[in-house]
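Per numbering that gives the first Met the number 0, the very first residue in the sequence shown carries number 0; after that it's consecutive. No residue lacks a Cβ here, since even glycine has one placed at the ideal position from N, Cα and C. I have placed the structure first, in the form of structure tokens, so that the comments after it can refer back to it.
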Amino acid sequence: MAAGVVLIVLPPLLLLLAGVLVLVQAARGRRTGSTPGFVLRLIAGIGVLLCALLALSGLWLEINYAVVFFPVIALILGGVWLIAFLGAALLADWLTARGGN
């Protein structure tokens, strides 16, 4: 029973925390970073927040085992989304700092 509660509650909370932290980082670094890096961080944060919503959606959908599969799928998708877009933002900031377009 406790493992089920952890499976239902922990992925959305982790994704929500990661999404909010990325959005706060994007808002604080707006003045110093590049515009493409800022936009990519916004996309990363919003995408992770949407993955948190996906993790919770299994609670009200009438699909068999959605409560189990959706949080796991959302956690994997959110992690890949976050790594891809934050990596692209780092690359954009690095290229801007080097003087490239």
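Once you ignore the five residues that flank residue i on each side, which residues in its own chain have a CB closer than 6 Å to its CB?
i   : result
P11 : A51, A54, L55
F84 : L39, I42, A43
Could you pull out every residue in the same chain whose Cβ sits closer than 8 Å to the Cβ of residue i, ignoring the five residues on either side in sequence?
i   : result
L60 : F69
So does residue i have its beta carbon nearer than 7 Å to some heavy atom of the ligand SAM?
i   : result
I82 : The model on display carries no ligand, and the ligand SAM is accordingly not part of it.
Decide if residue i is buried, meaning its Cβ has at least 16 other Cβ atoms within 10 Å, or exposed.
i   : result
L13 : buried
R40 : buried
L90 : exposed
L20 : exposed
G86 : exposed
A96 : exposed
Between the beta-carbon of residue i and the beta-carbon of residue j, is there less than 8 Å?
i   : j   : result
G44 : L22 : yes
V47 : L74 : no
D92 : G3  : no
Going along the chain, which residues of its own chain have a beta-carbon closer than 7 Å to the beta-carbon of residue i, five neighbours each way excluded?
i   : result
V66 : I7, G57, L58
A25 : F37, R40, L41, G44
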